[in-house]
Structures are given as C-alpha cells and as structure tokens.
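Participant: For the record, the sequence lines run as chains A and B. 8 is the number of the first residue of the first sequence in my numbering; add one for each residue after it. 68 is the number of the first residue of the second sequence in my numbering; add one for each residue after it. Yeah, the Cβ is synthetic: ideal placement off N, Cα and C, and Gly gets one too.
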Amino acid sequence: RKEVEQDPGPFNVPEGATVAFNCTYSNSASQSFFWYRQDCRKEPKLLMSVYSSGNEDGRFTAQLNRASQYISLLIRDSKLSDSATYLCVVALPHSGGGADGLTFGKGTHLIIQP
Amino acid sequence: EAQVTQNPRYLITVTGKKLTVTCSQNMNHEYMSWYRQDPGLGLRQIYYSMNVEVTDKGDVPEGYKVSRKEKRNFPLILESPSPNQTSLYFCASSGTQYTEAFFGQGTRLTVV
Numbered sequence: 008r009k010e011v012e013q014d015p016g017p018f019n020v021p022e023g024a025t026v027a028f029n030c031t032y033s034n035s036a037s038q039s040f041f042w043y044r045q046d047c048r049k050e051p052k053l054l055m056s057v058y059s060s061g062n063e064d065g066r067f068t069a070q071l072n073r074a075s076q077y078i079s080l081l082i083r084d085s086k087l088s089d090s091a092t093y094l095c096v097v098a099l100p101h102s103g104g105g106a107d108g109l110t111f112g113k114g115t116h117l118i119i120q121p
Numbered sequence: 068e069a070q071v072t073q074n075p076r077y078l079i080t081v082t083g084k085k086l087t088v089t090c091s092q093n094m095n096h097e098y099m100s101w102y103r104q105d106p107g108l109g110l111r112q113i114y115y116s117m118n119v120e121v122t123d124k125g126d127v128p129e130g131y132k133v134s135r136k137e138k139r140n141f142p143l144i145l146e147s148p149s150p151n152q153t154s155l156y157f158c159a160s161s162g163t164q165y166t167e168a169f170f171g172q173g174t175r176l177t178v179v
C-alpha cells in the first residue's frame, strides 16, 4: 500500500496556463503536509506548507482535504521556470517501526512549454 | 546562511571499499535523516536521528551505518559498498520529524 501517491506525469502545459495536480495519502493521522519542488538532479526545496484552511503564495495555491485525504497544488499563469518535479510530502506519525517523519510521493513532472 | 552541507558531491568507488559521506547543518536542528533517490522509486529514508546519540532505521537501512556524536553532524557510512548502492543521496535536517526539512545538495555515488 502506497502511503503518498501522485500522478507521475509528465504534464506538458503551455506557458501562461493554469495547472493543478493532486496527491492522496493513506494515513488519516498524518500531521503536516508540504509541497516541495525538485529540479533535475538537485535537492528538493520547500515550495509551501499546506494548511487546513488552504494557503496561497503568489501564483501558487495549496489546499488540504482531510476528509478525502488529498492535497492539491494549483499554479496560475505558469512560467517556463516552473518546469520541475513537484513532490507531495506528508508527515506521518511514528507507528512502531519503519520510517518516522516525512514521507515523500514520487513526484509529478511538470514541463512548461513556450 | 542556514544550510546543510554534504561532501563529497560526486564519488566513484569500487565494490567493498569503505566510504563515508559527511553531512553538517548549522541550524541547530535536532532531527536529521538520510535519503536515497532512485529513478521510479522516489526518495526513501535510510536512517534518521532524533537527537545526539539517538539513531534509528528508516525504510532501506541495509548496507548503511550512521552516527550522531554531535548535533550538527550526521555522517553516512558504507562499510562495504555494492553496485546496488549506486544512487543519489540526500541528507536533510529539520526542527522535528514533522516540520520542514532542509536538504543538502546531494551526493551522487557510483559503485563499480
């Protein structure tokens, strides 16, 4: 059973378009949620935390739906520089063995085309 | 500047030759962890440490060791590397296991 699932893509989107992708998580006791961005062969970097009330940072909006156990990321007016892999990250409570803390989805690959 | 520093960035080694990848953070974080990233498998946690002298296995600990003698340092040790440990490795630190993680720049390891 996969704990954090994302559509791997790639999503090919024209510059200026709006793009959205979702991520589902399996553990209802998950405590915190993030979107990270990773450029090719570089380290993941925090894009934004995801709060229950939803949050917005410029062109980026993140939403959390605890009832349905999914997180979404919306990018408006997409730029060429938005091309990257977007990782959904969920902090799972330690459950008596195995990994503790952040669990990463495998990422959604986004390509913005001119 | 807040950062996590890994060394080396690139390493090619031979099977069985012990190696250490260093990781150091300057944010006074208690929680540190090591991940490996492989195509199609995403980031998988190798080991983590919740504080000095406290370490535990992650999802894929076989073939690796770690130590946490000081808060800022968390080296990853491969006692006898094998080709299946060829991967991209990341060290990360955070205040707790539930908060934002800061990553090092990565170490690309090739074992031949």
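Could you tell me which of A:33, A:46, A:34 and A:54 sits nearest to residue 168 of chain B, measuring between CA atoms?
Facilitator: The shortest Cα separation from residue 168 of chain B among A:33, A:46, A:34 and A:54 belongs to A:54.
Participant: Relative to the C-alpha of residue 93 of chain B, which candidate in B:105, B:71, B:100 and B:108 has its C-alpha closest?
Facilitator: B:71
Participant: Who are the Cβ neighbours of residue 29 of chain A in its own chain at under 6 Å, not counting the five residues just before and after it?
Facilitator: 77 and 79
Participant: What did DSSP end up calling residue 89 of chain A once you bin it into helix, strand or coil?
Facilitator: Three-state DSSP puts residue 89 of chain A in a helix.
Participant: Which residue from B:128, B:145, B:148 and B:108 puts its Cα closest to that of residue 112 of chain A?
Facilitator: B:108
Participant: Taking the C-alpha atoms as reference points, what is the distance between residue 15 of chain A and residue 32 of chain A?
Facilitator: 15 Å
Participant: Hey, is residue 91 of chain B's beta-carbon within less than 9 Å of any beta-carbon in chain A?
Facilitator: no
Participant: Quick check: what's the CA-CA separation for residue 86 of chain A versus residue 49 of chain A?
Facilitator: 19 Å
Participant: Ignore the nearest five residues each way along the sequence and tell me which others in residue 122 of chain B's own chain have a CB closer than 8 Å to its CB.
Facilitator: Correct list, in chain order: 114, 115, 116, 133, 134 and 135.
Participant: Along chain B, which residues have their Cβ under 8 Å away from the Cβ of residue 16 of chain A?
Facilitator: Per Cβ cutoff of 8 Å: no residues; residue 16 of chain A is ~13 Å from chain B at best.
Participant: Kindly say whether residue 94 of chain A, judged by its beta-carbon, lies nearer than 9 Å to any beta-carbon of chain B.
Facilitator: yes
Participant: Pick helix, strand or coil for residue 73 of chain B, following the three-state DSSP scheme.
Facilitator: strand
Participant: I'd like the span of the beta strand (DSSP E) that includes residue 111 of chain B, first residue to last.
Facilitator: 109 to 118
Participant: Go ahead and pull the three-state DSSP assignment for residue 34 of chain A.
Facilitator: coil
Participant: Going along chain A, which residues have a C-beta under 7 Å from residue 78 of chain B?
Facilitator: The contacting residues do not exist; residue 78 of chain B stays about 15 Å from chain A at best.
Participant: Does residue 95 of chain B come out as helix, strand or coil in the three-state DSSP assignment?
Facilitator: coil
Participant: So which residues on chain A does residue 168 of chain B lean against when the C-beta distance must stay under 9 Å?
Facilitator: Going along chain A in sequence order, the residues near residue 168 of chain B (Cβ under 9 Å) are 41, 43, 51, 53, 96, 108 and 109.
Participant: Strictly below 7 Å CB to CB, what residues from chain A border residue 110 of chain B?
Facilitator: 111
Participant: Check whether the Cβ atoms of residue 177 of chain B and residue 80 of chain B sit closer than 9 Å, and answer yes or no.
Facilitator: yes
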